[in-house]
Amino acid sequence: MGTLQNCRTGHGRRRWIAAGTALALMAASCGDGDNDSSDPTSGVTQTGGDTTPDATTGGTPGATTPGATTPATEGGDDGGDARDLIIARDMDLTTLDPQRVYCDTCQIYMTAIYETLIGVDPGDITKLVPRLAETYEANADNTEFTFTLKPDATFADGSPVTSADVKFSWERLAGLEGSASYLMSGFSAIETPDEQTVKVTFDAPNSAFMNIVSAPYMGIVNAKMAEANGATADADDSAEQWFLENSAGSGPFMLDSYAEGDQLVLARNDQYWGDPTPFPSVTLKQVKDATTQLQQLQQGDVDIAMQISFDSVGQLEGTEGVTTELVDSFNYVYLALGPGAAGGEDLSDPLVREAIKKALDYEGILDTTVAGNGKLQASPIPNGFEGSEGLPLPEQDVDGAKALLEQAGVDGLSLNATYPTINVYGVDFDTMMAKVQQDLSEIGVELQLEPVEIAQWAELVESDGIPVTAVYFAPDHIDSSQYVQYFGLIEDSSWLGRSRAEPNPEEQQLFADALAASGQEKTDLYNQLGQAMIDDLIILPLVNPGLVLASASDITGVRYSACCNLELGGLGIG
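Counting the sequence shown from 1 gives a position; our numbering is that position plus 243.
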């Protein structure tokens with residue numbers, strides 16, 4: 244979200260990635276450097292168990308909702324005077340269409356405006372809680388999922404949220420075939436027996452679907468309003484331009500204005516069916532430079548700075564009115580290889596891809612990018628997620644890399660490396676790619692670095708492909724399935740298409756088995772999938788960084804969300 248919303252651009256198809264977090268979730272951190280996640284408070288994984296608690300038992304009426312018992316109240320205690328909230332962020336937006344978005348900033352936007360049927364409990368990220376849905380349940384083999392909507396949930400125009408809106412939103416998400424469309428992969432039908440009931444049927448077991456429903460890209464749109472302005476579920480859709488100036492959601496905020504490269508302004512939804520936010524408006528300012536973000540927070544020009552670097556965070560110590568915390572995350576930055584991209588023909592030999600992997604100085608990259616405030620990561624399944632434990636962490640082996648190139652008969656290799664020039668999770672991509680370029684030069688591989696704006700990157704990677712690139716990913720939800728769907732060499736995955744590699748039938752079968760499994764069997768299958776993706780040598784994780792949470796001291800509820808980055812509806816004034 245992953246990782247450009249046409250790429251979480253990080254997520255590639257998500258995946259772009261996220262920031263923002265709260266002390267209440269500090270226990271929900273990544274595993275240790277040895278990938279030991281046996282501590283149930285260290286992440287999503289629970290040893291010997293399923294990572295989908297409550298997914299099939301249904302929500303309980305009166306449980307955490309966007310009303311008085313939600314994060315909105317938890318963080319929304321208006322103990323001070325209401326004021327406009329200003330956030331400094333290097334934004335990766337390419338669209339505001341709710342079924343086309345896919346980026347880190349998109350997660351923030353979607354969660355504020357388009358609510359989901361289910362959410363992730365901010366106090367325990369292994370648990371799901373009701374949002375627009377009052378109850379939810381799955382059948383025994385996880386092929387049918389039934390949701391009952393809350394009767395009092397309404398859109399910003401006052402109209403009720405109905406099953407027809409859910410059906411339209413999810414069918415449009417699938418039909419537009421955007422980056423986040425993978426979330427609806429495999430569904431065969433969405434039925435609406437009455438205005439409050441939605442039934443989704445899959446062709447095969449999908450134990451991840453309840454978790455998927457909590458992803459911000461599964462947010463619900465006012466169907467009548469969207470359709471009246473050109474929204475459809477197919478190629479005839481013409482609503483994207485309308486969504487740049489309008490929103491049609493049920494959340495605590497509405498779109499006020501968007502100026503590309505400048506700012507995104509949200510206005511409070513005064514008709515919100517839940518507890519209202521104390522902020523009349525929220526402005527996300529485009530501030531690319533981490534140092535400038537820090538200075539603006541020090542000066543009181545912004546309330547939250549989302550991408551302050553680890554090198555400079557010490558400058559905020561002792562600053563009156565500013566709070567900082569360093570927390571672990573599930574986000575990561577990776578190198579991606581495109582063996583089928585134009586100019587990447589030599590990468591079709593797995594020996595060459597393995598040589599590139601061995602040549603990288605992972606510890607040095609960690610130090611260079613986040614001053615060592617992060618972890619190495621074994622596979623595309625991040626530390627702390629089910630299936631990440633016990634896999635071998637990458638290690639530099641320059642001599643081994645040279646030997647592999649010699650074995651492959653490759654000498655003097657030159658590769659294009661186009662990447663988005665961006666700062667995410669405190670990682671400056673220009674700095675990181677300069678280090679990667681230096682490492683590969685040690686084995687005679689020349690990287691031709693070409694930094695571009697994120698929108699251009701998204702277009703290039705989806706059209707012609709890129710031999711070597713760098714991207715980032717933040718989780719869309721709390722199930723490991725997303726990493727296989729996005730990065731695995733399986734049908735319809737984002738990186739199967741982007742890399743132009745050959746599909747891996749073994750991964751396809753393992754994934755089907757994982758979606759039908761539970762408990763330790765499921766954990767073991769995702770572990771095998773993690774190893775299979777390591778062996779693919781397409782996605783090379785570089786840094787699993789910690790996050791700097793920096794905000795004005797009177798802003799409450801600032802927390803790292805494992806699905807949604809920063810949940811604006813959970814923020815308050817204390």
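Each residue gets a CB set at the ideal place from its N, CA and C atoms; glycine is no exception. Being a predicted model, the structure only gives us computed values, none of them experimental.
Within 10 angstroms of the beta-carbon of G362 lie 16 or more other beta-carbons, which makes it buried.
In this structure, the CA atom of G813 is about 27 Å from the CA atom of S555.
Secondary-structure assignment with DSSP links S493 through no beta bridge to anything. Its chain contains Y577, A579, P623, F730 as the residues whose beta carbon lies nearer than 6 Å to that of I782, once the 5 sequence neighbours on both sides are disregarded; these appear in chain order. For D642, there is no enclosing beta strand (DSSP E); the enclosing alpha helix (DSSP H) covers residues 641–651. Only residues of its own chain outside the window of five on either side were considered, and among them T397 have a CB closer than 6 Å to the CB of P403, listed in chain order. Residue pairing for K442: DSSP places it in a beta bridge opposite T389, E434. The residue from L360, T444, G418 with its alpha-carbon nearest to that of A383 is T444. Looking at the backbone, the Cα of S552 and that of I368 are separated by about 26 Å.
Of all C-beta pairs linking the stretch 409–421 to the stretch 469–482, three or more are shorter than 8 Å, placing the two stretches in contact. Taking 8 Å as the cut-off, the beta carbon of A548 is found closer than this to the beta carbon of Q536. Residue burial is scored here from C-beta neighbours: T534 has fewer than 16 other C-beta atoms within 10 angstroms and is therefore classed as exposed. Of all C-beta pairs linking the stretch 796–804 to the stretch 635–649, fewer than three are shorter than 8 Å, placing the two stretches out of contact.
Beta-bridge analysis with DSSP links Q763 to no other residue.
The stretch 417–435 makes contact with the stretch 735–744: 3 or more CB pairs, one atom from each, lie closer than 8 Å. Collapsing the DSSP output to three states places P625 in coil. With respect to the 8 Å criterion, R511 and S493 are not classified as neighbours on the basis of their beta carbons. Within the DSSP bridge table, the entry for D671 names N666 as partners. Linking G708 to S657 through their CA atoms gives a straight-line distance of about 16 Å. The C-beta distance from Y460 to V344 rounds to 7 Å, short enough to fall under 8 Å.
Counting C-beta pairs with one atom in each stretch, the stretch 592–606 and the stretch 685–694 have three or more that are closer than 8 Å, which means they touch. Between R374 and T389, the C-beta spacing is not below 8 Å. L416 and D340 have their C-alpha atoms spaced approximately 10 Å apart. Between S450 and L790 a beta carbon distance of about 29 Å is seen, past the 8 Å cut, so the two are scored as non-contacting. The alpha carbon of G504 has as its nearest neighbour, out of L336, E420, L811, the alpha carbon of L336. Remark: C-beta atoms of S742 and G581 approach each other more closely than 8 Å. Of the candidates G773, A325, L692, G773 places its Cα closest to the Cα of E749.
Ranked by Cα distance from P394, the options E387, N385, T405 are led by T405. Beta-bridge annotation (DSSP): A548 is paired with A331, A793. One Cα belongs to P694, the other to Y662, and the distance between them is close to 5 Å. Each residue's CA atom was taken as its position, placing V786 and Y605 some 8 Å apart. Here DSSP, grouped into helix, strand and coil, assigns R511 to strand. Per DSSP, N382 lies in no alpha helix (DSSP H) and is assigned neither H nor E.
Counting only the Cα atoms, D518 lies some 38 Å from A759. As a beta-bridge residue in DSSP terms, N659 pairs with Q691.
Distances from the CA of W516 to each of S804, R802, E764, D400 were compared; the closest alpha carbon is that of D400.
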